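227 is the number of the first residue of the sequence shown in the numbering used here; add one for each residue after it.
Report on the structure given below.
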Amino acid sequence: MSTVVAQSLHVFGFRSHVANNVFFFDEQIIIFPSGNHCVKYNVDQKWQKFIPGSDKSQGMLALSISPNRRYLAISETVQDKPIITIYELSSIPCRKRKVLSNFDFPAQKFISMSFSPDSKYLLTQSSPPESNLVYWLWEKQKVMAIVRSDIQNNSIYQVSINPQDNTQVCVTGNGMFKLLRFTEGTLRQTNFQRGEPQNYLAHAWITEEKIIVGTDTGKLFLFESGDPRWETSIMVKDLADGSKSLEIIHESESLIEFPPASSPVPSYEQVTTTSSHNQLPMPQVFAIATYSKGFACSAGPGRVLLFEKVEEKDSYRESREIRIPIDPQSNDPSQSDKQDILCMCFSPSEETLIASTNKNQLYSITMSLTEISKCAFSNGGHLFAAVSGNVIHIFTTTSLENITNLKGHTGKIRSVVWNADDSKLISAGTDGAVYEWNLSTGKRETECVLKSCSYNSVTISPDGKIIFAVGSDQTLKEIADSSVLREMSAFDVIYTAIIISHSGRMMFVGTSVGTIRTMKYPLPLQKEFNEYQAHAGPITKMSLTFDDQFLLTVAEDGCLFTWKVYDKDGRGIKREREVGFAEEVLVTKTDMEEKAQVMLELKTRVEELKMENEYQLRLKDLNYSEKIKELTDKFIQEMESLKTKNQVLKTEKERQDIAHREYMEELLDKQSRELQDLECCNNQKLLLEYEKYQELQLKSQRMQEEYEKQLRDNDETKSQALEELTEFYEAKLQEKTNLLEEAQEDVRQQLREFEETKKQIEEDEDREIQDIKTKYEKKLRDEKESNLRLKGETGIMRKKFSSLQKEIEERTNDIEMLKAEQVKLQGVIKSLEKDMLGLKREIQERDETIQDKEKRIYDLKKKNQELEKFKFVLDYKIKELKKQIEPRENEIKVMKEQIQEMEAELERFHKQNTQLELNITELWQKLRATDQEMRKEQQKERDLEALVRRFKTDLHNCVAYIQEPRLLKEKIRGLFEKYVQRADMVEIAGLNSDLQQEYARQREHLERNLATLKKKVVKESELHRSDYVRIMQENVSLIKEINELRRELKITRSQVYDLEAALKLTKKMRPQETLETVPTTDKAPVSPTMRLNEQEETERIIEMQRLEIRRLRDQIQEQEQIPGFHTIGGIRLPSLIDSEVDFEVHTK
227 MSTVVAQSLH VFGFRSHVAN NVFFFDEQII IFPSGNHCVK YNVDQKWQKF IPGSDKSQGM
287 LALSISPNRR YLAISETVQD KPIITIYELS SIPCRKRKVL SNFDFPAQKF ISMSFSPDSK
347 YLLTQSSPPE SNLVYWLWEK QKVMAIVRSD IQNNSIYQVS INPQDNTQVC VTGNGMFKLL
407 RFTEGTLRQT NFQRGEPQNY LAHAWITEEK IIVGTDTGKL FLFESGDPRW ETSIMVKDLA
467 DGSKSLEIIH ESESLIEFPP ASSPVPSYEQ VTTTSSHNQL PMPQVFAIAT YSKGFACSAG
527 PGRVLLFEKV EEKDSYRESR EIRIPIDPQS NDPSQSDKQD ILCMCFSPSE ETLIASTNKN
587 QLYSITMSLT EISKCAFSNG GHLFAAVSGN VIHIFTTTSL ENITNLKGHT GKIRSVVWNA
647 DDSKLISAGT DGAVYEWNLS TGKRETECVL KSCSYNSVTI SPDGKIIFAV GSDQTLKEIA
707 DSSVLREMSA FDVIYTAIII SHSGRMMFVG TSVGTIRTMK YPLPLQKEFN EYQAHAGPIT
767 KMSLTFDDQF LLTVAEDGCL FTWKVYDKDG RGIKREREVG FAEEVLVTKT DMEEKAQVML
827 ELKTRVEELK MENEYQLRLK DLNYSEKIKE LTDKFIQEME SLKTKNQVLK TEKERQDIAH
887 REYMEELLDK QSRELQDLEC CNNQKLLLEY EKYQELQLKS QRMQEEYEKQ LRDNDETKSQ
947 ALEELTEFYE AKLQEKTNLL EEAQEDVRQQ LREFEETKKQ IEEDEDREIQ DIKTKYEKKL
1007 RDEKESNLRL KGETGIMRKK FSSLQKEIEE RTNDIEMLKA EQVKLQGVIK SLEKDMLGLK
1067 REIQERDETI QDKEKRIYDL KKKNQELEKF KFVLDYKIKE LKKQIEPREN EIKVMKEQIQ
1127 EMEAELERFH KQNTQLELNI TELWQKLRAT DQEMRKEQQK ERDLEALVRR FKTDLHNCVA
1187 YIQEPRLLKE KIRGLFEKYV QRADMVEIAG LNSDLQQEYA RQREHLERNL ATLKKKVVKE
1247 SELHRSDYVR IMQENVSLIK EINELRRELK ITRSQVYDLE AALKLTKKMR PQETLETVPT
1307 TDKAPVSPTM RLNEQEETER IIEMQRLEIR RLRDQIQEQE QIPGFHTIGG IRLPSLIDSE
1367 VDFEVHTK
């Protein structure tokens, strides 16, 4: 029967009385105790994984996670015994690494634990009355040091190890604050408590030497190396007075509202005191958590304070207060903010703070509450930019993921704007900088910095090339390529906002007095704009709709205006482009029909696959059933053999048992005899030993008396020696006191001398200072006099310089006038020179053309003479080539006849092959018939074997009655009647013998026929193969000859064509012979076309022949690989008759 398995799926609840009960595993996963498990909870994805506690555990008491987040230590009590289990969090699922359970020291339970910075050591604190502080090397389960923390049985709340130093330890409790250091195998206290003892509830390490500690009276102490450096008290604030607006948790999450634990937290139970109705209770600091800027601490019910470090002083100031919000889902919402916060933990990125309360609640507090001053969506709407101080954060609108952060401004950013394709972002700020950012790289592409101007707003032209910025310098700047192209005055008004239309033809500007100015773009040089009074304060933001129809403005007066934009004739602005509706729907009808058709095809395919799978399954079932039968038979045989073996082994065992009993009886007799002998010997030895013991006792009495006498003598000598030593050391002490007094007198004398020397040195220094002062005062007077004298000289020189400058300006004016005249004259000279050069070039070009034409005439005359010679020679060659072509054509005819004969032979061979194939198919049919008969005989044989197996099993059952003759006889008779019938047996025996003889005779006959046919097929294949090879060789040789002839013919044709072209040229040069050469000129244009057609035809024929030869070779190789099958007789070589006929026509 199968057992039922239950697995933990999800848990709701939280155990608040466990020390250090919540912490982060990573940025999204927290670990906390719930029930008898520790839960790994993913805050984003809401899944849980469980770390089970020990079996028979009575509950968890404390948790601790290593700094590298690899190990988790859990303190439990199992059957009233303490146990510490260390889990490895990096493995999936979490597995136990070590269990610390066997202790050499008394301990009831461990109430606090802490890992060392390198995660090798573990510090544990046991509960009173033992209060043992144990320092473990936990991987080896070795106790490195143990010390009792407190002797007075006071409560201890927390222990920890310095996050930078493995050897330094801190312990806090009721009236206890101790710093200990691990040295030489022990823990030694390094600090001494000063002042009034406090009830220290929690502590945390801020740096390597600084610790912040909280008390039950709301006080915070900062200790450095054990000495108090800073102290503050947390003030109790009532929510009703409303003196200060408190921050509520912006993001809180409660796992479940769980009833309060029956046994509250030890620290909470021990420090909570009843308060009167008139007074508010003192805030108690149950938890402290540190982060990079300072620390957070609990400050009474439902309240958390954040402290940040003051840079100038070594102290901290309260920066933020957080309160637990009222839970509207609770039965008693007023109790939500009365929960005491017992544990806190920051996430690794310090963006989230997790807090646990005594009402079994967990709260998540978001720390990164950055103030967003500006926000701008991209034109596509998929991104938006949020400005926080001097940083621009880029987020996606779908997942709110922070893609990148743009840092570069040193002052507050006042305006951001996107370009048209959302690839760039432009920002401007109070630092006088305008930056253009590339969002793909996150880097600045252009920048324009003007420290004297604090920019208020920025915009960009639609083409993204020009940036417009306005600021405190009362100008509108046009910026391109990191430089200011032009500035337009605002006429004694500060521009606070600017925007340009999507068409790029209008611009709107907002001012500090609440007016709106409209102007055209490009910007006018003069004061050309319309101004409208709108707001009662500075305009902060302006925006245009996508079609430039409406303008929206917002100002500091809290009003939003909507403006309709018109042109100068009072008409509305025409839209540049209409936004039309899409022509297609998401899915067209054809797509739906195609999808339905595909679905039908898939359904039919699925049904076919089902049928096929069912058929395959049936086949497998049949195969497996046969295999099962075989296996069962095999196992039955093996069982019979094992039974026989078992019987043999039983008989062997009985025989060995009898032998073993006999051997044991012999051993017992032998042992009894030896025992009697030993008793006799031992009695004699005991008598002798007793006599020796009496003698030794007498000796010990005598020796004791002697030792007592010696002790008395030693006491007397010791007292005398002690008196002498005391007298000696008293004399020495007197001498040392005298020496000490003398040394003190020497010190006083040296102090007097030092003071006198000090006075003398001070007097000398005063004199020197006075001398130096008088010296430098004289120098100062001299410098002043010289300075006055130089001032007078400079005045004279300035007058001379001004007169000389005037003369220089007059001379420069004269020089400029002369230079202008010179430039004019040079221009006239250059124009005349250009005219002259142009005329010279024309003359040279005409001379060159005349010379070229004369040269061409001379060359053409020479070529004409040469071509006449060539014509005579080529005529002779044409005649000779015609004589050579005639015998070759005869040879081609003979070869064609041979090819026809070969084709006839191939047809004959093909017929023979088809006849052989028919014979082979008949033989195959006969062979299949014999195979079917053989299968039938095999089936009969299987049936007989099954009958024999059944008979064997029945016979085996009969053997069981071998001890009972009567039953055995009946069973044998039943077998005979079941399996044997005499008449049938005789007939079957006769039939079987005849059938076997006939079967053997037929089989021999068929095998002989098959062997002869195979031999015939092999012989014929060898004969045909030799014929095929011979024919192929002849065909290849013929094709080679044909190709050579065609190549020669092609060369001669090209020569003839060249000669005819040359003759044509000569006839054109000689017009008097035109009448005689009319037929040649008419035929000339035909020859090149004929030559081109012939060339293409021959190439096509050759390519066809090559492809046919390649195909034939592949088929021959395939048929040679199959023994006994040759279908090559059906393949014909390509006919060359048609192509050769065309070839002859062209040659003639």
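Glycine residues also receive a C-beta, built at the ideal position from the N, C-alpha and C atoms.
Owing to the predicted nature of the structure, the values given are computational and were not obtained by experimental measurement.
Around the beta carbon of F238, fewer than 16 other beta carbons lie within 10 angstroms, which makes this residue exposed. Separation of the CB atoms of N379 and P355 is rounded to 5 Å, and the pair is thereby assigned contact status at 8 Å. Under the DSSP definition of a beta bridge, E314 partners with Y297, R321. Rounded to whole angstroms, N908 and Q930 show a C-alpha spacing of 33 Å. In terms of Cβ geometry, F331 and I372 form a close pair [threshold 8 Å].
About 21 Å separates the CB atoms of S680 and I726; that is not less than 8 Å, and the two are not in contact. Assigned with DSSP and collapsed to three states, S582 falls in strand. Of P559, L777, K1242, the smallest CA-CA separation from A760 is found for L777.
Judged by their CB atoms, I312 and Y297 are nearer to each other than the 8 Å cut-off.
Taking C-alpha positions only, V874 is separated from E864 by approximately 15 Å. In the structure shown, Q565 falls within a coil segment according to DSSP collapsed to helix, strand and coil. Bounds of the beta strand (DSSP E) holding M370 are 368–374.
For Y1254, DSSP records no beta bridge to any residue.
Pairing Q1343 with S1252, the inter-Cα distance amounts to about 14 Å.
Ranking D540, L531, E878, R529 by CA distance to the CA of T433 puts D540 first. Nearest in C-alpha terms to E597, of all of I639, I377, E852, I256, is I639. DSSP places C679 outside both helix and strand once states are collapsed to three, so it counts as coil. For the stretch 433–461, the continuous beta strand (DSSP E) assignments of 3+ residues that do not extend past its boundaries occur at 436–441, 445–450, 453–459, in sequence order.
According to DSSP, residue pairing for N392 in a beta bridge does not occur. Here S709 is exposed, its C-beta having fewer than 16 other C-beta atoms within 10 Å. When secondary structure is reduced to three states using DSSP, H608 falls in the coil class, being assigned neither helix nor strand. Taking C-beta separations shorter than 6 Å and ignoring five residues to either side along the sequence, the partners of V269 in its chain run Q254, following chain order. Here I1069 is exposed: its Cβ has fewer than 16 other Cβ atoms, across all protein chains shown, within 10 Å.
Fewer than three pairs of CB atoms, one per stretch, sit closer than 8 Å, so the stretch 620–628 makes no contact with the stretch 583–594.
Annotation: L914 to Q923 spans about 15 Å, alpha carbon to alpha carbon. Where K1056 is concerned, the enclosing alpha helix (DSSP H) starts and stops at 815–1185.
Ranked by Cα distance from E1260, the first of V832, M1121, D1169 is M1121.
If you check the CB distance, V385 and S338 come in under 8 Å. Residue L427 holds the alpha-carbon nearest to the alpha-carbon of G444 among L427, R455, I437.
Membership of F1202 in the alpha helix (DSSP H) is indicated by the continuous run 1191–1205.
With 16 or more other Cβ atoms from the protein chains shown falling within 10 Å of its own Cβ, K404 counts as buried. Annotation for T722: the continuous beta strand (DSSP E) segment containing it runs 721–726. Its Cα nearest to that of E1092, the residue L1289 stands out among Q970, A513, L1289, I1055. Take F276, set aside five residues on each side of it, and the residues of its chain with a beta-carbon closer than 7 Å to its own are S234, H263, V265, in chain order.
Distance between S614 and V824, taken at the CA atoms: about 55 Å. The three-state reading of DSSP puts R731 in coil, since its state is none of H, G, I, E or B.
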